[in-house]
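> Just so we're aligned, residue -3 is where the sequence shown starts under our numbering, counting upward by one. For every residue, glycine included, the Cβ atom is placed at its ideal position computed from N, Cα and C.
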Amino acid sequence: MDWAKLNTVLLTGFLALTAGCQLTLSSGLGNDNTATSGNYIVALQLTDASDPDNPVVIATPKITVIAEQEASMSIGEANKQFIEIEVVINEGEPTIGTTEFSIIKGDRRASGKITALVGQAAELQTGGFRIKVLIEPQSANRD
-3 MDWAKLNTVL LTGFLALTAG CQLTLSSGLG NDNTATSGNY IVALQLTDAS
47 DPDNPVVIAT PKITVIAEQE ASMSIGEANK QFIEIEVVIN EGEPTIGTTE
97 FSIIKGDRRA SGKITALVGQ AAELQTGGFR IKVLIEPQSA NRD
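1. I need the straight-line Cα distance from T94 to R105, nearest angstrom please.
2. Ordered along the chain, which non-local residues of its own chain (more than five positions away) have a Cβ less than 6 Å from that of K76?
3. In angstroms with no decimal places, state the Cα-to-Cα distance between G34 and E64.
4. With respect to the beta strand (DSSP E) encompassing T95, which residues constitute its N-terminal and C-terminal limits?
5. Given this structure, state the Cα-to-Cα distance separating S107 from Y36, to the nearest angstrom.
6. Does DSSP classify A55 as helix, strand or coil?
7. Evaluate contact between the stretch 47 to 58 and the stretch 82 to 92, counting only Cβ atoms and requiring at least three cross-stretch pairs below 8 Å.
8. Could you compute how far the alpha carbon of E73 sits from the alpha carbon of D44?
9. Report yes if the CB atom of V114 is closer than 8 Å to the CB atom of I131, and no otherwise.
10. Where DSSP assigns a beta bridge to P133, which residues make up the other side?
11. For M69, which residues of its own chain have a beta-carbon under 7 Å away from its beta-carbon, when the five flanking residues on both sides are left out?
12. How far does the beta strand (DSSP E) with N86 in it reach, from first residue to last?
13. Going by the DSSP bridge assignment, what does V61 pair with across the sheet?
14. With 16 other CB atoms within 10 Å as the buried threshold, where does F125 fall?
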């Protein structure tokens, strides 16, 4: 903090104290580049679209991801269905998320990667499967 800012803070504090006011200061000294990581909710919808007239949603997982960290999920079921998902959110301008997936259902397999901006839905159709991804910031309020 430079000298002029320090003088301003001290003078304001002195005036507030002499006037009988309560004053709360947050200086931020030494915290010029405070790093904070956001949390994001990645909502997916995995659909078996092999029959275009009768698409069947096979899973709708949601994953909470801390920015700059990798999150993964595996879903296996008795009917020869296995889904593996990995997600990474890169904060910046703009903040983007990358979702990699692998799906096995019976004798069919599909895998791919979707990159999406936070707040915008993205969709990919491959191997008879349709994958929709929506990444949203997690609310700080947890009522």
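Here's the rundown:
1. For the purposes of this step, residue 94 is taken as the residue at position 98 of the sequence shown. For the purposes of this step, residue 105 is taken as the residue at position 109 of the sequence shown. Taken atom to atom, the span from the alpha-carbon of T94 to that of R105 is near 20 Å.
2. What you label residue 76 is simply residue 80 of the sequence shown in a count that begins at 1. Around K76: G102.
3. Locating residue 34 in the sequence shown gives position 38, counting from the first residue. Locating residue 64 in the sequence shown gives position 68, counting from the first residue. G34 and E64 have their alpha carbons spaced roughly 9 Å apart.
4. In the sequence shown, the residue the question calls residue 95 occupies position 99. Here the beta strand (DSSP E) through T95 covers I92 to K101.
5. Within the sequence shown, numbered from 1, the residue matching residue 107 stands at position 111. Within the sequence shown, numbered from 1, the residue matching residue 36 stands at position 40. For S107 and Y36, the gap between their C-alpha atoms comes out near 23 Å.
6. Here residue 55 is taken as the residue at index 59 of the sequence shown, counted from 1. DSSP places A55 within a strand segment (E or B) once states are collapsed to three.
7. Contact fails: fewer than three Cβ-Cβ distances are below 8 Å.
8. Taking the first residue of the sequence shown as position 1, residue 73 is located at position 77. Taking the first residue of the sequence shown as position 1, residue 44 is located at position 48. Looking at the two C-alpha atoms, the distance is approximately 15 Å.
9. The sequence position of residue 114 within the sequence shown is 118, counting from 1. The sequence position of residue 131 within the sequence shown is 135, counting from 1. Yes, the Cβ-Cβ distance between V114 and I131 is below 8 Å.
10. For the purposes of this step, residue 133 is taken as the residue at position 137 of the sequence shown. Its beta-bridge partners are Y36.
11. As a first step, residue 69 must be located in the sequence shown, where it is residue number 73. The residues are P57, I59 and I81.
12. Taking the first residue of the sequence shown as 1, we reach residue 86 at position 90. Looking at the DSSP string, the run of the beta strand (DSSP E) that includes N86 is Q77 to N86.
13. In the sequence shown, the residue the question calls residue 61 occupies position 65. V61 pairs with Y36.
14. Sequence index remark: in the sequence shown, residue 125 carries index 129 (1-based). The residue in question, F125, is buried, as its Cβ has 16 or more Cβ neighbours within 10 Å.
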